[in-house]
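Participant: Protein chains in written order, with our numbering: chain Z, 25 to 256; chain B, 25 to 256.
Yeah, the Cβ is synthetic: ideal placement off N, Cα and C, and Gly gets one too.
Bear in mind the structure is a predicted one, so any value in this text is a computation, not a measurement.
Below is the structure I would like to discuss, written out as structure tokens.
Protein chains: 2
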Amino acid sequence: RILEVLRAHFARQHDLDGRRILITAGPTHEDLDPVRYLGNRSTGKMGIALAEAAAARGASVDLILGPTPLSPQGTGINVTHVRTALEMHREALQRWPQATDGILCAAVADYRPETVAPEKIKKTGDGLTLKLVRNPDIAAELGQQKQPGQFLVGFALETENGVENARGKLERKGLDLIVLNSPRVAGAAFGHDTNQIQLIDGNKVTSFELKPKREVADDILDRLPAHPTPSP
Amino acid sequence: RILEVLRAHFARQHDLDGRRILITAGPTHEDLDPVRYLGNRSTGKMGIALAEAAAARGASVDLILGPTPLSPQGTGINVTHVRTALEMHREALQRWPQATDGILCAAVADYRPETVAPEKIKKTGDGLTLKLVRNPDIAAELGQQKQPGQFLVGFALETENGVENARGKLERKGLDLIVLNSPRVAGAAFGHDTNQIQLIDGNKVTSFELKPKREVADDILDRLPAHPTPSP
């Protein structure tokens with residue numbers, strides 16, 4: 025077991041040399057006013073683990089990180105901090121043409137408030153109705169702009185009908201691989217140091233056991249194609 | 025200046041002996057579904073600084089802390105972690121009768137989603153309307169239940185008409201003192217290690233300079249009445 029782990033470690037040491045990997049991580053915060061926002065439970069741990077693992081294996085990493093107190097360790101990671109889905113969208117689209125691979129791990133808000141109030145909203149009546157509008161779909165846009173040789177990985181967080189929903193997302197958005205995880209599994213997904221995933225491509229579903237996010241990151245990176253044609 | 029600081033330090037060393045101070049701190053997160061929530065930019069730093077300063081001065085502190093990665097250092101602080109305004113409301117009301125003083129520093133959501141979806145809400149149309157309902161007003165309820173000898177301090181975060189709004193809040197909610205701060209002042213309020221406050225009671229407004237939150241905490245604690253009658 026120890027020998028196996030060591031062998032895997034050394035085999036991976038330079039296997040991503042020359043790759044430039046775009047990774048999105050963390051939540052987004054969609055402001056209602058100067059103090060209130062719509063958020064989600066992502067802490068960025070999974071995406072930061074992916075960035076650290078990819079850099080340790082020789083890749084140059086562009087990490088676009090939503091609001092989280094956590095940050096990656098080690099060298100080879102270029103971090104861009106963003107707050108909202110619109111900011112993440114702009115930064116991701118700008119970097120995608122230069123990337124050999126993209127791993128979209130961020131939990132991007134699907135909706136944002138229609139208007140951002142310039143001053144703090146005062147309490148008024150007993151209720152309040154909040155109008156939300158759709159945010160751009162970063163995964164779908166990157167999938168659409170994907171060039172030959174580029175490999176795109178998405179994430180699906182589902183609380184029900186996981187495999188079915190994830191496979192639909194994979195096809196609809198032009199992804200090459202999708203990582204399915206669930207907040208319903210103890211110790212998995214948001215906030216935990218461990219995760220339990222299923223990797224789904226066009227053909228098959230591979231299930232992994234619950235393990236540290238850094239090891240989950242290596243399992244995902246192992247699926248990047250061996251010799252990508254660099255994008256133009 | 026050094027002598028002055030030292031003198032103030034030693035004078036404060038035991039001045040809160042025998043006090044039991046209820047402090048609320050941090051944001052609240054109001055869930056829409058298992059992954060999404062409504063939050064605010066509070067990090068809990070000001071309330072944690074208050075708890076640490078009060079404990080260092082001899083008080084026994086009950087800290088009710090909303091979701092934040094930060095936690096207080098030192099002894100004499102009993103921390104209760106909560107997530108939502110309803111949880112904070114329940115914990116605060118339960119502890120208030122035993123407290124000699126209350127300092128309500130938390131940024132409690134005024135509204136929560138009318139319903140919490142049991143499964144992750146799927147993207148549907150281009151828009152979404154979110155119905156929000158009012159949360160209980162913790163400051164007003166504690167003010168109403170206040171017994172002779174209990175001293176209640178509130179916070180007001182205002183982006184406009186600060187003093188006027190804060191004074192209204194003080195009177196409406198039965199507070200003895202209100203701390204006004206603004207996210208519009210550079211280096212003040214949410215997320216910063218410094219704060220700039222005004223202390224407002226029935227009679228006057230006292231303005232302080234921008235300084236570390238721990239020193240701001242001491243300025244606030246200096247205003248607790250010298251010999252409170254313990255509550256029954």
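1. Closest to residue 5(B) by CA distance: which of 188(B), 179(B), 191(B) is it?
2. So for residue 234(B), helix, strand or coil by DSSP?
3. Check the Cβ of residue 64(B) against every Cβ in chain Z and list those closer than 8 angstroms, keeping chain order.
4. Under three-state DSSP, which class holds residue 255(B)?
5. Quick one: what's got a C-beta closer than 6 angstroms to residue 81(Z)'s C-beta in the same chain, skipping five residues either side?
6. Less than 6 angstroms between C-beta atoms, sequence neighbours within five positions excluded: which residues of the same chain meet that for residue 160(B)?
7. For residue 218(B) and residue 240(B), what's the separation of their Cα atoms in angstroms?
8. Just the chain B side, please: which residues come within less than 9 angstroms of residue 152(Z) by C-beta, in chain order?
9. Identify the continuous alpha helix (DSSP H) that holds residue 192(Z) and give its terminal residues.
10. My guess is that residue 91(Z) and residue 51(Z) are in contact by the Cβ rule of under 8 angstroms, so how many angstroms apart are they, rounded?
11. Can you find the residues in the same chain that come closer than 7 angstroms, C-beta to C-beta, to residue 249(Z), ignoring five residues on each side of it along the sequence?
12. Suppose the cutoff is 7 angstroms on Cβ atoms and the five residues either side in sequence are ignored; what does the same chain contact list for residue 119(Z) look like?
13. Which residues bound the alpha helix (DSSP H) around residue 32(Z)?
14. Going along chain Z, which residues have a C-beta under 8 angstroms from residue 181(B)?
15. By Cβ distance, which residues of its chain are closer than 8 angstroms to residue 252(Z), with the 5 residues on each side in sequence left out?
16. Checking the sheet assignment: what are the DSSP bridge partners for residue 222(B)?
17. Are there three or more Cβ pairs, one per stretch, closer than 8 angstroms when the segment 132-146 of chain Z is compared with the segment 99-112 of chain Z?
18. I think residue 155(Z) touches residue 153(B), with their Cβ atoms under 8 angstroms apart; what is that distance to the nearest whole Å?
19. Quick one: does residue 214(Z) have its CB under 9 angstroms from some CB of chain B?
20. Any beta-carbon of chain Z closer than 9 angstroms to the one on residue 131(B)?
21. Any idea which residues DSSP pairs residue 64(B) with across the strands?
22. For residue 95(Z), count neighbouring C-beta atoms within 10 Å of its own C-beta (all shown protein chains included) and say buried if the count is 16 or more, exposed if not.
23. Identify which residue in 49(Z), 202(Z), 88(Z), 93(Z) has its Cα closest to the Cα of residue 228(Z).
24. Our contact map puts residue 183(B) next to residue 170(Z) with C-beta atoms below 8 angstroms; I'd like the distance itself, whole angstroms only.
25. May I have the straight-line CA-CA distance separating residue 84(Z) from residue 49(Z), to the nearest angstrom?
26. Within 10 angstroms of the Cβ of residue 89(B), are there 16 or more other Cβ atoms? Answer buried if so, exposed if not.
Facilitator: Walking through what the data contain:
1. Past the edges of chain B, shown from 25 to 256, lies residue 5(B), and the structure says nothing about it.
2. Here DSSP, grouped into helix, strand and coil, assigns residue 234(B) to coil.
3. 59, 60, 61
4. Since pLDDT at residue 255(B) reaches only 49, below the 50 mark, its modelled position is unreliable, and the value read off the structure follows with that caveat. In the structure shown, residue 255(B) sits in coil (DSSP, three-state: anything other than H, G, I, E or B).
5. 36, 39, 40
6. 113
7. 8 angstroms
8. Chain order gives the chain B residues near residue 152(Z) as 134, 135, 154, 155, 156, 157, 158, where near means a beta carbon separation below 9 angstroms.
9. 186-196
10. 6 angstroms
11. The answer, listed in chain order, is 175.
12. 46, 86
13. Where residue 32(Z) is concerned, the enclosing alpha helix (DSSP H) stretches over 26-36.
14. 59, 144
15. Model confidence at residue 252(Z) stands at a pLDDT of 49, short of 50, so the residue's coordinates are unreliable; what they give is reported in the following sentence. Excluding residues within five positions, the ones whose Cβ falls inside 8 angstroms are 43, 124, 125, 173, 174, 175.
16. Paired residue(s): 204(B), 231(B).
17. yes
18. 6 angstroms
19. yes
20. yes
21. 60(Z)
22. exposed
23. 202(Z)
24. Actually they do not touch by this definition, with Cβ atoms about 43 angstroms apart.
25. Going by the C-alpha atoms only, they are around 16 angstroms apart.
26. With 16 or more Cβ atoms within 10 Å of its Cβ, residue 89(B) is classed as buried.
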